[in-house]
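Enquirer: So in numbering that gives the first Met the number 0, the last spot in the sequence shown is 353, and the numbers never skip. The structure follows.
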Amino acid sequence: MKINKKYFFHLLTLIFFWGNFAFCNFSSFAQNSNSEDNNLPTITGSFSEDSLKVGKHIPFKITFVHNYDKEVVFADSAYDFEPFEWVKTEAFPTQTDSKGIATDSAIYWLRTFELDTIQTLKLPVFVLNQETGDTLKYFTEVSTKETEFVLSEANLATMLQKDSITFYQNTTFIEIPRFVNYPLYGLIVVVLLVGIILFFVFFGESIRRGYRLKRLQSQHEKFIQEYANQLKQIENSEATDHTLGMWKAYIEKLKNEPFTTYTSSEISRLTKNESLGQNLKVIDRAIYGGQIDENTELALRNLKNYAINIFEKRLAELRVTSENDLNKNSKKQNSSVEKQVKKRNKKLNQEENV
0 MKINKKYFFH LLTLIFFWGN FAFCNFSSFA QNSNSEDNNL PTITGSFSED SLKVGKHIPF
60 KITFVHNYDK EVVFADSAYD FEPFEWVKTE AFPTQTDSKG IATDSAIYWL RTFELDTIQT
120 LKLPVFVLNQ ETGDTLKYFT EVSTKETEFV LSEANLATML QKDSITFYQN TTFIEIPRFV
180 NYPLYGLIVV VLLVGIILFF VFFGESIRRG YRLKRLQSQH EKFIQEYANQ LKQIENSEAT
240 DHTLGMWKAY IEKLKNEPFT TYTSSEISRL TKNESLGQNL KVIDRAIYGG QIDENTELAL
300 RNLKNYAINI FEKRLAELRV TSENDLNKNS KKQNSSVEKQ VKKRNKKLNQ EENV
């Protein structure tokens, strides 16, 4: 089939012009789309009423236009609307057009009790980035309203009603630095130290003496019990020697002399007690000669009586000293105590000799 060259040339020219026209339109459309995308997001906000009255609810409308894939969050009741107070929020569903542009809007109902002539407000919208976890804030332009100081009796009565007042609790933790009153603590420590020193100055000697009396009585009771148990086991020279050593150790504590290092003859000579010397000789024969009989047990019992006698003397001395400190100006009482001690010691000596 033959094609006319003239018509073929006109056809190519027509195709070229139509292609160029379509390309220009598409580029213009793409540029317009990109221009619209670059202008997003946009935020607007304004009061819906012309006047602002103290205590009266006033709506504030906010509109946010953005790409459909953005996650948008409006401010809630926890946000600081100062100088206004939040009353309630009306949120509207998201509207998305065919180009993927979404529109979110909400109306905040607010009120104020401030007496400033001009009051301003701007509110944010939060956009969450799910990939990075960041949050972007977009604020409305500052909206200004002139306050009308008109308060009707009905509004005043409503405001003064107890049930109509809404209280908001703020549980935000605020760490307050602790204040340490070092001068006060220092004064308390000084007073305590002075009190302790004065206490020991006036009562320290009495406390120490009471402690010595208590310890002396406790040691004596322990010795009597252990010595009595040991007397029941006198069967050989070793048991007898152990009992004698127990007696020497106890007398050493009472007299504060090294009785454990003394021999029987040295003890007899130092104490100047013939009866005690005779008893020690009987015990020495039992230890070194193996002569254990009734006399051995009797001699050990006499040693116990001698220890009791020394204990009574020591106890009386401590008590007399205590009474002398408490009654320094009473000579008669001191002499009577000494007489009682001598009488008691004389009686114990007589019992020991018997």
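Every residue, glycine too, gets a C-beta built ideally from N, C-alpha and C.
So is histidine 65 buried or exposed if we call it buried at 16+ other beta carbons inside 10 Å?
Expert: When all chains shown are included, histidine 65 counts as buried.
Enquirer: In three-state terms, what does DSSP make of lysine 87?
Expert: Strand, per DSSP.
Enquirer: Comparing C-alpha positions only, which one of Gln224, Thr93, Asn255 and Arg110 sits nearest to tyrosine 67?
Expert: Looking at the Cα atoms, Thr93 is the closest of the given residues.
Enquirer: Can you find the residues in the same chain that come closer than 6 Å, C-beta to C-beta, to leucine 212, ignoring five residues on each side of it along the sequence?
Expert: Here the set comprises Leu317.
Enquirer: Mind the definition here: the stretch 67-76 touches the stretch 118-130 only if three or more C-beta pairs lie below 8 Å; say whether that holds.
Expert: Output reads yes: the stretch 118-130 touches the stretch 67-76.
Enquirer: Alpha carbons only, please: which of Asn235, Tyr261 and Ala238 is nearest the one belonging to asparagine 247?
Expert: This sequence places lysine at residue 247; asparagine is not what is there. Answer by Cα proximity: Tyr261.
Enquirer: When the Cβ atoms of the stretch 77-86 are set against those of the stretch 105-113, are three or more pairs found closer than 8 Å?
Expert: Touching, yes.
Enquirer: Please classify serine 267 as buried or exposed, where buried requires at least 16 neighbouring CB atoms within 10 angstroms.
Expert: Label assigned to serine 267: buried.
Enquirer: Between the stretch 306-316 and the stretch 186-206, do three or more beta carbon pairs fall short of 8 Å?
Expert: The answer is no - the stretch 186-206 does not touch the stretch 306-316, with fewer than three Cβ pairs under 8 Å.
Enquirer: Can you say whether leucine 297 is buried or exposed, counting buried as having 16 or more other CB atoms within 10 angstroms of its CB?
Expert: Under this definition leucine 297 is an exposed residue.
Enquirer: Spatial neighbours of lysine 280 within its chain, please: CB distance less than 7 Å, with the 5 preceding and 5 following residues excluded, ordered by chain position.
Expert: Taken in chain order, the residues that qualify are Ser263.
Enquirer: Are the stretch 235-244 and the stretch 284-294 touching, with three or more C-beta to C-beta distances below 8 Å?
Expert: Yes, the stretch 235-244 is in contact with the stretch 284-294.
Enquirer: From this set, Ser217, Ile100 and Leu183, which residue's C-alpha is nearest asparagine 38's C-alpha?
Expert: Measuring from the Cα of asparagine 38, the nearest candidate turns out to be Ile100.
Enquirer: If you reduce the DSSP assignment to three classes, tell me which class leucine 230 lands in.
Expert: DSSP places leucine 230 in helix when its eight states are reduced to three.
Enquirer: To the nearest angstrom, report how far apart phenylalanine 63 and proline 176 are at their CA atoms.
Expert: Taking the straight line from one Cα to the other gives about 43 Å.
Enquirer: Which value, in whole angstroms, describes the spacing of the CA atoms of proline 58 and phenylalanine 112?
Expert: For proline 58 and phenylalanine 112, the distance between alpha carbons rounds to 15 Å.
Enquirer: Report the start-end ranges of each alpha helix (DSSP H) in the stretch 179-266 that is 4 residues or longer and not cut off at the edges.
Expert: The qualifying runs are 181-230 and 236-254.
Enquirer: Looking at the strands, I want to know which residues DSSP matches up with tyrosine 107.
Expert: Phe59 and Thr88, per the DSSP bridge assignment.
Enquirer: Is the separation between the beta-carbon of threonine 242 and that of glutamine 229 shorter than 8 Å?
Expert: The answer is yes: Cβ separation under 8 Å.
Enquirer: With the cut-off set at 8 Å, would you say isoleucine 143 and threonine 119 are in Cβ contact?
Expert: Here the sequence assigns threonine to residue 143, which means isoleucine is not the residue at that position. Yes, the pair counts as a contact, with Cβ atoms nearer than the cut-off.
Enquirer: Taking the alpha carbon of lysine 303 as the point to measure from, which residue in Arg207, Ile250 and Asp49 has its own alpha carbon closest?
Expert: Of the listed residues, the one whose Cα sits closest to lysine 303 is Ile250.
Enquirer: Express the C-alpha separation of tyrosine 184 and alanine 315 in angstroms, rounding to a whole number.
Expert: Their backbone Cα atoms lie some 46 Å apart in a straight line.
Enquirer: Helix, strand or coil: how does DSSP classify isoleucine 42 here?
Expert: DSSP places isoleucine 42 in strand when its eight states are reduced to three.
Enquirer: Beta-carbon within less than 6 Å of glutamate 89's beta-carbon, same chain only, minus the 5 sequence neighbours each way: which residues are those?
Expert: The answer, listed in chain order, is Ile106.
Enquirer: Please return the same chain residues whose Cβ sits closer than 7 Å to the Cβ of asparagine 33, not counting the five positions on each side in sequence.
Expert: Confidence is the limiting factor: at asparagine 33 the pLDDT is only 47, short of 50, which leaves the residue's position unreliable, though a coordinate-based value still follows. Excluding residues within five positions, none has a Cβ falling inside 7 Å.
Enquirer: Just list the residues that DSSP pairs serine 47 with in beta bridges.
Expert: Serine 47 pairs with nothing; no bridge assigned.
Enquirer: Could you spell out where the beta strand (DSSP E) holding tyrosine 287 opens and where it closes?
Expert: Per DSSP, tyrosine 287 belongs to no beta strand (DSSP E); it is in the alpha helix (DSSP H), 273-288.
Enquirer: What does the Cβ neighbour count give for phenylalanine 222, buried or exposed, with the cut at 16 atoms within 10 Å?
Expert: By the 10 Å Cβ count, phenylalanine 222 comes out buried.
Enquirer: For proline 123, name the three-state secondary structure that DSSP assigns.
Expert: In the structure shown, proline 123 sits in a strand (DSSP, three-state: E or B).
Enquirer: Pick helix, strand or coil for valine 141, following the three-state DSSP scheme.
Expert: It is coil, neither helix nor strand.
Enquirer: Compute the Euclidean distance between the alpha carbons of lysine 55 and phenylalanine 80, then round it to the nearest angstrom.
Expert: Those two C-alpha atoms are separated by around 15 Å.
Enquirer: So, threonine 139 versus isoleucine 61, is the Cβ gap smaller than 8 Å?
Expert: Against a cut-off of 8 Å, the Cβ pair of isoleucine 61 and threonine 139 comes out as a contact.
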